[in-house]
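Position 94 of the sequence shown, counting from 1, maps to 1511 under my numbering, and the rest follow consecutively.
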Amino acid sequence: MSARIPTLDITRFDSDRDAFVAELGAAYRQWGFAGIRNHGIAQADIDAAYDVFKAFFALPEEVKRRYHVEGSGGARGYTAFGVETAKDSKHFDLKEFWHIGREIADDSPYRAVMAPNLWPEEVPGFRERGYRLYQQLDHLGSRVLSALALHIGLPQDYFVDKTNNGNSILRPIHYPPITSDDIPNVRAGAHGDINFITLLVGAARPGWKCAPTMASGCRSLPMPTPSWSTSATCCSA
């Protein structure tokens, strides 16, 4: 059994499909996670989106709270620091975040369950840059699902009509500095994702932990620079 989460080249889905599908499936079965490189999302687009996300989180608290929708569960817009709490945790997470969802027409049959996006007017370019990254990650997720469909013996396009209008979100998260050691909270409590698939944009610092599906214990691992994909159904220990 591998002791390291594999990073796979997704261009092999076109050039060496059977082997790529087998390796991706093995990664998900063992870890629930796989690194994805050569994913086609330009670093410039990631950086541009992060710039506007950082600009928003730097705004005064009273400005940010204008974009919180009461009673929405944070489905769109802003969720303030100290609000989200992991399941079964007694302490809130040390983070604030924003949710971007799929843009759909007002007369869409899905409008009743998919709220419209909010866009902060104080941050020029937030909508264009943020939604561009959303669309690129959405496309990448569809390619990963195509490979997973083949791995479990289904047609490559099996998940297409089940996800092409899905209520996916892009969640930029800000973890403010922790100024005291004497607190019981963590930045993000232990949890299993409740969605179908998760894509995590790579980061340069360690801190992320996962509980392998075929190994005991929880390991702290650095996030590599490629985008990472995680099967939400396999994240829990």
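All C-beta atoms in this analysis are idealised placements derived from N, C-alpha and C, irrespective of residue type, glycine included.
Among residues of its own chain, excluding the 5 on either side of residue i, which ones have a beta-carbon nearer than 8 Å to its beta-carbon?
{"i": "Asp1574", "result": "Ser1563, Ala1566"}
{"i": "Leu1425", "result": "Phe1437, Glu1440, Leu1441, Ala1444, Ala1451, Gly1452, Ile1453, Arg1454"}
{"i": "Leu1557", "result": "Ile1427, Ile1453, His1456, Gly1457, Ile1458, Leu1616, Ser1644, Ser1646"}
{"i": "Pro1572", "result": "Ala1566"}
{"i": "Ser1597", "result": "none"}
Do you know how far the Cα of residue j is from the Cα of residue i?
{"i": "Lys1512", "j": "Thr1496", "result": "9 Å"}
{"i": "Glu1520", "j": "Val1540", "result": "19 Å"}
{"i": "Gly1499", "j": "Val1480", "result": "17 Å"}
{"i": "Leu1587", "j": "Trp1515", "result": "8 Å"}
{"i": "Ile1595", "j": "Asp1510", "result": "12 Å"}
{"i": "Thr1647", "j": "Gly1547", "result": "Caution applies to Thr1647, whose pLDDT of 48 falls short of 50 and renders its modelled position unreliable; the value that the coordinates give is listed next. Taking the straight line from one Cα to the other gives about 21 Å."}
{"i": "Ser1525", "j": "Arg1421", "result": "44 Å"}
{"i": "Val1469", "j": "Gln1460", "result": "15 Å"}
{"i": "Ala1581", "j": "Arg1560", "result": "Residue identity check: residue 1581 is Asn in the sequence provided, not Ala. About 12 Å."}
{"i": "Gly1491", "j": "Arg1482", "result": "12 Å"}
{"i": "Gln1447", "j": "Glu1478", "result": "42 Å"}
{"i": "Ala1529", "j": "Pro1423", "result": "40 Å"}
{"i": "Phe1430", "j": "Gly1488", "result": "42 Å"}
{"i": "Gly1583", "j": "Asp1599", "result": "41 Å"}
{"i": "Asp1474", "j": "His1568", "result": "Just to set this straight, residue 1474 is Phe in the shown sequence, not Asp. Phe1474 and His1568: Cα-Cα distance of roughly 40 Å."}
{"i": "Val1577", "j": "Phe1613", "result": "13 Å"}
{"i": "Ile1517", "j": "Gly1570", "result": "33 Å"}
{"i": "Asp1523", "j": "Gly1449", "result": "36 Å"}
Excluding the 5 residues flanking residue i on each side, which residues of the same chain have their C-beta closer than 6 Å to its C-beta?
{"i": "Gln1553", "result": "Ile1458"}
{"i": "Ala1472", "result": "Val1540"}
{"i": "Ile1590", "result": "Lys1512, Phe1514"}
{"i": "Lys1579", "result": "none"}
Could you name the residues that DSSP lists as bridge partners for residue i?
{"i": "Leu1425", "result": "Ile1453"}
{"i": "His1516", "result": "Gly1494"}
{"i": "Thr1587", "result": "Contrary to the premise, residue 1587 reads as Leu rather than Thr in this sequence. Answer by DSSP bridge pairing, in chain order: Ile1517."}
Once you ignore the five residues that flank residue i on each side, which residues in its own chain have a CB closer than 7 Å to its CB?
{"i": "Tyr1484", "result": "Gly1494, Tyr1495, Leu1535, Pro1537"}
{"i": "Thr1555", "result": "Rather than Thr, the amino acid found at residue 1555 in this sequence is Asp. Result list for Asp1555: Ser1585, in chain order."}
{"i": "Leu1550", "result": "Asp1462, Ile1463, Ala1466, Leu1587"}
{"i": "Arg1544", "result": "Trp1536"}
{"i": "Leu1476", "result": "Glu1539"}
{"i": "Val1486", "result": "Arg1493, Gly1494"}
{"i": "Arg1527", "result": "The question names Arg, but residue 1527 in the sequence shown is Tyr. Ile1521, Asn1582."}
{"i": "Gly1542", "result": "Val1469"}
May I ask you to verify whether the region 1434–1447 touches the region 1526–1535, counting CB pairs closer than 8 Å and requiring at least 3? no
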